[in-house]
Amino acid sequence: MTMAVKSSFKNMTLCLFSVCLVSSALLAAVYAVTKEPIEVANQAKTNNAIAQVVPEFEGDPVPGTIEVGGKEYSYYAVSKAGQPVGYAITSSSTGYGGALVLMVGMTADRVVYNTTVLSQSETPGLGAKCVEPDFADQFKSFNPAEKKLSVKKDGGDIDAITASTITSRAYAKAVETAIAVYDAITAAGTADVESVSGATPESVSGQPVEDENQEIK
Amino acid sequence: MEYILIIISAIFVNNILLSQFMGICPFLGVSNKLSTAVGMSGAVCFVITLATLVTYLFQYYVLVPLHIEFMQTIAFILIIAALVQMVEIVLKKVSPTLYQALGIFLPLITTNCAVLGVALMVVTNEFSYGGEPHMLNLVESIVFAFATSLGFGLAMILFAGLREQIALNKVPKPFQGIPIALVTASILAMAFMGFSGLV
Amino acid sequence: MGKIQLITKGFVKENPTFSLLLGMCPTLATTTSAINGMSMGLATVFVLVLSNMAISATAPYIPDKVRIPAYIVIIAAFVTILQLVMQAFTPDIYETLGLFIPLIVVNCIVLGRAEAFANKNSVVDSACDGIGIGIGFTFALTLLGLVREILGSGSAFGYKFITGDGILVFVLAPGAFMALAYLIVLFKKVTAKKGE
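Chains as they are written, first to last, in our numbering: chain E, 1 to 217; chain W, 1001 to 1199; chain B, 2001 to 2196.
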């Protein structure tokens, strides 16, 4: 087949215009069709993460946001039989390869129920192991009142991933942030959970700054 | 401070060629000679920075307000293609010497995935430099784009220098051409791995 | 050329990765495991076949001077459709491949086939060509992913057969370049013997 159409300004413009128009129309149609499935897929992913990190609950998780130390955090409150059973808190920190985003589940008695990684860009085979149970299960039923939330190298109770101290520290820091967010939620009285001692507002806002220095080291 | 971190991270730690694998075609294609590598790097530097500026503005002042973010890919590639054409025309008129140096590389740049890659990266990814992860603002995006293209240039020029040296040596027959270049790139990537964890 | 030949030539003779050395960016970036490589390959097949068909059908009506921008728009449209569909139905794979899905737009294989084949052949032939080249690409990516996964993490298609770690560097950037170099050498050796 040879090029049947000669190039003139008029037909060039017309051709590009119609190609763009048809493409856009096609895209808009596909967008309209896939919009709902995409939302469903995203929602399913969030729900999955929530179900993983908090104890059994009834009804839909209630989303909310709260500002701690100048940054807004989003969380989901879950309840069973009218009683709040916990919060799933999204928190993040800087790992080795970039942002490390976690969802941390807290029970109503200020214990970490479980954690899950929402997104990470750590080194495969090294820091990326933070998603594996060998490391992540250390945070299961972690009670910050009994154990120290930092890696053993820094005098804490967390076994770091071999050769990935920075990732392990980042993970611990994200959990720590989530606990601070939890304290802020309970302190703000958005729920009927009694706030636990040792969660003064100073320690809440002071933590991120303190840890930043550690990260750069 | 943050700008310094962005620059170091984009040039050394997350080098666009050696750790992100974007723009590999020119990396392998025009790195035989040091002079062409320099020309290509210059042209890429220019286009990446300019394209990121335009696509960033387009994203936040056209696509987002109109809620048509799904048109992102199509819009960005058209902007880049148009921009490359315009740069070519302007360069021809304004600076014939520069045009002679960079001109032949310009048409190749439209399909250089580093350009579209950086443009997409600054509007879709969150970055964290020491502090909390966040989306880049306009100035940070430009700094990021420029530093990334400097990283492109650095890797490109180092690589071309190495290839010029290798060309003088005896290479086993099956390895001649691209394979030995890939082995060289592998060793260069290992060297750049030493920078990781710096930021 | 018969339809079968159109499909099989992309496997060895015109293998886009090992013999034509096209589309290197996704080849190196997404082959950290066999599954990832295969997903990327199949995503490219989708765009390649549809864009080949669309370009073949519209080529006679597109003025010569604006054909490249027109092709790019057509390809970008199919890439966006792929993005939307993947986000809706395979969100996990979409997340793993990340930026390299939209970057299919600038994959030289797709535009290359449009220019070299689709704009002068029939729709059916172009579809066959797209399938052939696409499967060749998928094959190459899966193989490279498999090699890197076996050496780097001691598993194949996600099935782990050693305890502990592999040679980690193969999952990282330097290993990508190295593994590809040796696969190309091997491919050259094998095809050279066949040709004799």
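Ideal placement from N, C-alpha and C gives every residue a C-beta, glycine not left out.
query	result
Same chain, Cβ closer than 6 Å to residue 118 of chain E, five either side skipped, listed in chain order	101 and 103
Touch test, the stretch 1023 to 1030 of chain W against the stretch 2022 to 2039 of chain B, Cβ-Cβ under 8 Å, three pairs minimum	yes
Residues near residue 195 of chain E by beta carbon distance below 6 Å, same chain, minus five either side	Residue confidence is low: residue 195 of chain E scores 38 on pLDDT, short of 50, so the model does not pin down where it sits. No coordinate-derived value is stated.
Chain-order list of residues whose beta-carbon lies under 8 Å from that of residue 2057 of chain B (same chain, five-residue window excluded)	2123
Every unbroken beta strand (DSSP E) inside the stretch 2008 to 2060 of chain B [3 residues or more]	none
According to DSSP, residues forming a beta bridge with residue 167 of chain E	Residue 167 of chain E is not bridged to any residue.
Backbone secondary structure at residue 146 of chain E - three-state DSSP	coil
Alpha-carbon to alpha-carbon, residue 1114 of chain W and residue 993 of chain W	Residue 993 of chain W is absent from the model: chain W starts at 1001 and stops at 1199.
N-terminal and C-terminal residue of the beta strand (DSSP E) that residue 66 of chain E is part of	58 to 68
Between the CA atoms of residue 52 of chain E and residue 1074 of chain W - distance to the nearest angstrom	38 Å
Expected contact under 8 Å - CB spacing of residue 181 of chain E and residue 139 of chain E to nearest Å	With a Cβ gap of about 15 Å, residue 181 of chain E and residue 139 of chain E do not count as contacting.
Same chain, Cβ closer than 8 Å to residue 2121 of chain B, five either side skipped, listed in chain order	2056 and 2129
Cβ contact (3+ pairs, closer than 8 Å) linking the stretch 130 to 137 of chain E and the stretch 154 to 165 of chain E	yes
Alpha-carbon spacing of residue 2004 of chain B relative to residue 2133 of chain B, whole angstroms	12 Å
Short-range partners of chain W found in the stretch 17 to 31 of chain E, where Cβ spacing is below 9 Å	20, 23, 24, 27, 28, 30 and 31
Segments assigned beta strand (DSSP E), at least 3 residues, entirely inside the stretch 69 to 146 of chain E	71 to 80, 83 to 94, 99 to 107 and 112 to 119
Within chain B, partners of residue 952 of chain W - CB distance below 9 Å	No answer is possible for residue 952 of chain W: the residues shown for chain W start at 1001 and end at 1199.
First and last residue of the uninterrupted alpha helix (DSSP H) at residue 2135 of chain B	2123 to 2153
Own chain, CB closer than 7 Å to residue 1040 of chain W, minus 5 neighbours either side, in chain order	1026, 1030, 1105 and 1156
Cβ-based contacts, 8 Å cut-off: residues of the stretch 132 to 165 of chain E near chain W	none
Under 7 Å from the C-beta of residue 2055 of chain B: neighbouring residues of chain W	Those do not exist, as residue 2055 of chain B stays about 15 Å from chain W at its closest Cβ, beyond 7 Å.
Min CB distance residue 2184 of chain B to chain W below 7 Å	yes
Neighbour flag for residue 2016 of chain B against chain W, beta carbons, 7 Å	no
Touching by the beta-carbon criterion (3+ pairs, under 8 Å), the stretch 2139 to 2158 of chain B and the stretch 88 to 100 of chain E	no
Residue 1000 of chain W (DSSP reduced to helix, strand or coil)	Any answer about residue 1000 of chain W is impossible in this case: the structure gives chain W only from 1001 up to 1199.
DSSP beta-bridge partners of residue 158 of chain E	E:151
Beta bridge counterpart(s) of residue 1134 of chain W as assigned by DSSP	W:1127
Inter-residue Cα distance where the pair is residue 1100 of chain W and residue 1089 of chain W	12 Å
Euclidean distance between Cα positions of residue 1168 of chain W and residue 2167 of chain B	32 Å
Buried or exposed (CB count within 10 angstroms, at least 16 for buried), residue 8 of chain E	exposed
Contacts that residue 1084 of chain W makes with chain B (C-beta to C-beta distance below 8 Å)	In chain order: nothing, as chain B lies at least about 11 Å away.
At least 3 beta-carbon pairs within less than 8 Å: the stretch 1035 to 1050 of chain W vs the stretch 1142 to 1151 of chain W	yes
Selection of the stretch 2061 to 2093 of chain B by Cβ proximity to chain E, strictly under 7 Å	2061, 2062, 2063, 2064, 2065, 2066, 2069, 2070, 2073, 2074, 2077, 2080, 2081, 2084, 2085, 2087, 2088, 2089 and 2091
Helix, strand or coil at residue 188 of chain E [DSSP, three-state]	coil
Under the three-state DSSP convention, the category residue 1033 of chain W falls into	coil
In DSSP terms, what residue 2159 of chain B is bridged to	B:2156
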